[in-house]
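Enquirer: Per the UniProt record's numbering, residue 1 is the first one in the sequence shown, and the count goes up by one each step. The beta carbon of each residue, even a glycine, is placed where N, CA and C say it ideally should be. Predicted, not measured: the structure shown is a model, and the values here were computed from it.
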Amino acid sequence: MNSIYRDGFCLTEDQDGTYNFSCSYVSNSLFHYVMTTEGDILARYWDFEKDDWGILWNAVKSECDVYGMCGAFGRCNSQSSPICSCLPGFEPKNTKEWNRGNWTSGCVRRTTLSQCAVVNSSIEVVKKDGFLKLKTMKVPDFANSLPAHESFGGLSSTNNEDYCRQQCLENCSCIAYAYDSGTGCMSWTRSLIDIQKFSSGGVDLYIRVAYSELEKVGDVKKVVTISVIIGAIFISICTFLLSRRMAKQKVQELSDLFKTFAAEMFYKRTCAEKIGLPNATYGCMLRALSKEERVKEAISAFLNVLCMEDQLEEGSELFRDVIRKGCSTSSMELSKFVASQCSKGRWKEAEELVDVIFDKRVITGFSFLLIVGEALLLQQTN
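This is the structure:
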């Protein structure tokens, strides 16, 4: 492993199979590393105030930090339960031990790499091996490194990754690769040990698997996609049926409300006919009543004013003038006209509402009745 990649630490293996772990640290303080009897490494410093050693850092922060916790070709994730799982394309070597929580035996490949097997048999390659991507991983030790500037220098990280992939694919001994902008290409040709999943950071690790394993992953994705689509369709159908049912209930409620309201408004509607108000259709009345309960009061308030004996003729003339002028003048002029015709400021609120009516092109008898009636009701409550 490149010492730069491990922040000053260097792990090397000599020809005798001896592993050497060292680091370079420049500091004026008293500082040293200690390995405990439990196998944890502590970075300790001398605290001059307390006159004692303090712990600056320790290697084991979770079970995943224990070297080889999940064995060969296993990965550790402290956020999962259980914490160990096999790499994609692999399965537990000893299922009984694995299920008991003893993961040290690791995992074995489920399907032999087909590309290398075909090449070694001198048979034409039909389907090549591929790679499955693992994100934000702590990569294994003892990588074969090829610095970026020696591979695809000056090109983008995507091109460098493609180069790493191609190099690994052409080497039958290569079982995984990764790319880091500072370290370059990293590849592995031996058992992958001490792989850990990080919540953030790390690098993307690509595991080489047989083509059939890629097909299995594709099949799983298809099943998930189809399941999601079927689920969405089912939910949509249920929502549609439920909305239909609620709509029918709403129509029935509105129908009952309309019948009750029509009986209450019989006198006032007769009065409205006398002054020339347009007849409100059943559908228009339903739409008005469906807005809110306050609409009934608004209609009643408006008709109450128009049906007063001393204002009957005045109300009829005013209504017709507003409708006529509303179709041929600006909203501002219409507002001023209504304001000038409303004695004692009874329709003060109508100025803003007429603008809405004019802008939406709903200058109809019933629409005007509703909105101005609402204005009258507001005045009564103020």
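1. Kindly indicate which three-state DSSP category Val228 falls into: helix, strand or coil?
2. Less than 8 Å between the CB atoms is what I'm expecting for Gly39 and Asp194, so what's the real figure, rounded?
3. Quick check on this structure: which residue in Asp129, Tyr179, Phe198 and Phe90 has the alpha carbon closest to the alpha carbon of Asn171?
4. What residue from Arg208, Cys10 and Phe21 has the CA that sits closest to Thr189's CA?
5. Checking the sheet assignment: what are the DSSP bridge partners for Glu91?
6. Any idea what DSSP makes of residue 393, helix, strand or coil?
7. Could you check whether the segment 80 to 88 touches the segment 48 to 57, counting it as contact only if at least three pairs of C-beta atoms, one from each stretch, sit closer than 8 Å?
8. Exposed or buried, what is Val203 when buried is set at 16 or more other beta-carbons lying within 10 Å of its beta-carbon?
9. Helix, strand or coil: how does DSSP classify Arg190 here?
10. Do Ser105 and Lys93 count as a contact pair if the criterion is CB distance below 9 Å?
11. Taking the straight line between their C-alpha atoms, what separation do you get for Asp14 and Thr183?
12. Just the C-alpha distance for Asn160 and Cys174, rounded to the nearest angstrom, thanks.
13. Could you spell out where the beta strand (DSSP E) holding Asp204 opens and where it closes?
14. How is the beta strand (DSSP E) around Tyr179 delimited, first residue to last?
15. Out of Thr111, Thr112, Ser114 and Cys70, state which residue places its alpha-carbon closest to the alpha-carbon of Asn99.
16. Is it buried or exposed for Phe234, if we count other Cβ within 10 angstroms and need 16 for buried?
17. Note down the Cα distance separating Cys238 from Phe90, rounded to an integer number of angstroms.
18. Contact defined as beta carbons within less than 8 Å: I believe Phe75 pairs with Gln196. What is the distance between those atoms, to the nearest angstrom?
19. Between the C-alpha atoms of Asn20 and Tyr211, what's the straight-line distance to the nearest angstrom?
20. Could you pull out every residue in the same chain whose Cβ sits closer than 6 Å to the Cβ of Leu132, ignoring the five residues on either side in sequence?
21. By the 10 Å Cβ neighbour count, where 16 or more other Cβ atoms means buried, how is Glu292 classified, buried or exposed?
22. Give the straight-line distance between the Cα atoms of Phe240 and Thr225, rounded to the nearest whole angstrom.
23. Can you tell me which of the three DSSP states Leu214 falls into?
24. Quick check on the DSSP output: the beta strand (DSSP E) that includes Asp47 runs from which residue to which?
25. Any idea what DSSP makes of Gly17, helix, strand or coil?
26. Using a 10 Å radius around the Cβ and a threshold of 16 neighbouring Cβ atoms, would you call Phe73 buried or exposed?
27. Check for me: the beta strand (DSSP E) holding Cys76 runs from which residue to which?
28. Got a sec? Which residues, its chain only, sit under 6 Å from Leu42 by beta carbon, not counting five neighbours each side?
29. Provide the residue(s) that pair with Trp57 in DSSP beta bridges, ordered along the chain.
30. What's the call for Ser187, buried or exposed, on a 16-neighbour Cβ count within 10 Å?
31. Does the Cβ-Cβ distance between Gly191 and Thr136 come in under 9 Å?
32. Whole angstroms are fine: how far does the CA of Leu242 sit from the CA of Ser181?
33. Do you know how far the Cα of Ser236 is from the Cα of Asn102?
Expert: In this structure, then:
1. Stepping through the sequence shown from its first residue, residue 228 is reached at position 228. Helix.
2. The residue you call residue 39 lines up with position 39 of the sequence shown. The residue you call residue 194 lines up with position 194 of the sequence shown. Actually they do not touch by this definition, with Cβ atoms about 13 Å apart.
3. The residue you call residue 171 lines up with position 171 of the sequence shown. Looking at the Cα atoms, Asp129 is the closest of the given residues.
4. One-based indexing of the sequence shown puts residue 189 at position 189. Nearest C-alpha to Thr189: Arg208.
5. For the purposes of this step, residue 91 is identified with residue 91 of the sequence shown, where counting begins at 1. Answer is Val108, bridged to Glu91.
6. The structure shown does not extend to residue 393, since the chain is modelled only from 1 through 382, so no value can be given for it.
7. no
8. Here residue 203 refers to the residue found at position 203 of the sequence shown. It counts as buried.
9. To locate residue 190, count along the sequence shown from 1; it is residue 190. Coil, per DSSP.
10. Along the sequence shown, read from residue 1 onward, the residue named residue 93 stands at position 93. Along the sequence shown, read from residue 1 onward, the residue named residue 105 stands at position 105. Result yes, Cβ atoms of Lys93 and Ser105 sit closer than 9 Å.
11. Your numbering for residue 14 matches position 14 in the sequence shown. Your numbering for residue 183 matches position 183 in the sequence shown. Cα to Cα, Asp14 sits roughly 22 Å from Thr183.
12. Taking the sequence shown and counting its residues from 1, the one referred to as residue 160 is at position 160. Taking the sequence shown and counting its residues from 1, the one referred to as residue 174 is at position 174. Distance between the alpha carbons of Asn160 and Cys174 is about 17 Å.
13. Position 204 of the sequence shown, counted from the start, is the residue given in the question as residue 204. Run containing Asp204: Val203 to Val209, per the beta strand (DSSP E) assignment.
14. Within the sequence shown, residue 179 is the residue found at index 179, counting from 1. Run containing Tyr179: Ala176 to Asp180, per the beta strand (DSSP E) assignment.
15. If you number the sequence shown from 1, residue 99 lands on position 99. For the residues Thr111, Thr112, Ser114 and Cys70, the minimum Cα distance to Asn99 belongs to Cys70.
16. Along the sequence shown, one-based indexing puts residue 234 at 234. Its Cβ having fewer than 16 others within 10 Å, Phe234 is exposed.
17. As a working note, residue 238 is residue 238 in the sequence shown. As a working note, residue 90 is residue 90 in the sequence shown. Distance between the alpha carbons of Cys238 and Phe90 is about 41 Å.
18. In the sequence shown, residue 75 corresponds to position 75, counting from 1. In the sequence shown, residue 196 corresponds to position 196, counting from 1. The residue you asked about is not Phe; residue 75 is Arg in the sequence shown. Between Gln196 and Arg75 the Cβ distance is about 7 Å, and since that is below 8 Å, they are a contact.
19. Taking the sequence shown and counting its residues from 1, the one referred to as residue 20 is at position 20. Taking the sequence shown and counting its residues from 1, the one referred to as residue 211 is at position 211. One C-alpha to the other measures close to 38 Å.
20. Here residue 132 refers to the residue found at position 132 when the sequence shown is read from its first residue. So the qualifying residues of the chain are Pro88, Ile207 and Val209.
21. In the sequence shown, the residue the question calls residue 292 occupies position 292. Confidence at Glu292 is low in this model, with a pLDDT of 46, below 50, so the placement of that residue should be treated as unreliable; the coordinate-derived value is given next. Per the 10 Å Cβ criterion, exposed.
22. By 1-based counting over the sequence shown, the position of residue 240 is 240. By 1-based counting over the sequence shown, the position of residue 225 is 225. Approximately 22 Å between the Cα atoms of the pair.
23. Along the sequence shown, read from residue 1 onward, the residue named residue 214 stands at position 214. Reduced to three states, the DSSP call for Leu214 is helix.
24. Within the sequence shown, residue 47 is the residue found at index 47, counting from 1. Looking at the DSSP string, the run of the beta strand (DSSP E) that includes Asp47 is Ile41 to Asp47.
25. Start at 1 with the first residue of the sequence shown, and residue 17 comes out as number 17. Coil, per DSSP.
26. By one-based count along the sequence shown, residue 73 stands at place 73. Phe73 should be labelled buried.
27. Start at 1 with the first residue of the sequence shown, and residue 76 comes out as number 76. From DSSP, the beta strand (DSSP E) with Cys76 extends over Gly74 to Cys76.
28. Within the sequence shown, numbered from 1, the residue matching residue 42 stands at position 42. Excluding sequence neighbours, Leu42 sits near Val34, Ile55 and Asn58.
29. Locating residue 57 in the sequence shown gives position 57, counting from the first residue. Answer is Ala43, bridged to Trp57.
30. Along the sequence shown, read from residue 1 onward, the residue named residue 187 stands at position 187. So Ser187 counts as buried.
31. Residue mapping note: residue 191 aligns to position 191 of the sequence shown, counting from 1. Residue mapping note: residue 136 aligns to position 136 of the sequence shown, counting from 1. It should be noted that the sequence gives Ser, not Gly, for residue 191. No, these two residues do not count as a Cβ contact at 9 Å.
32. Your numbering for residue 181 matches position 181 in the sequence shown. Your numbering for residue 242 matches position 242 in the sequence shown. Spanning the two alpha carbons is a distance of roughly 55 Å.
33. Mapped onto the sequence shown, residue 102 falls at position 102. Mapped onto the sequence shown, residue 236 falls at position 236. The straight-line gap from Cα to Cα measures roughly 46 Å.
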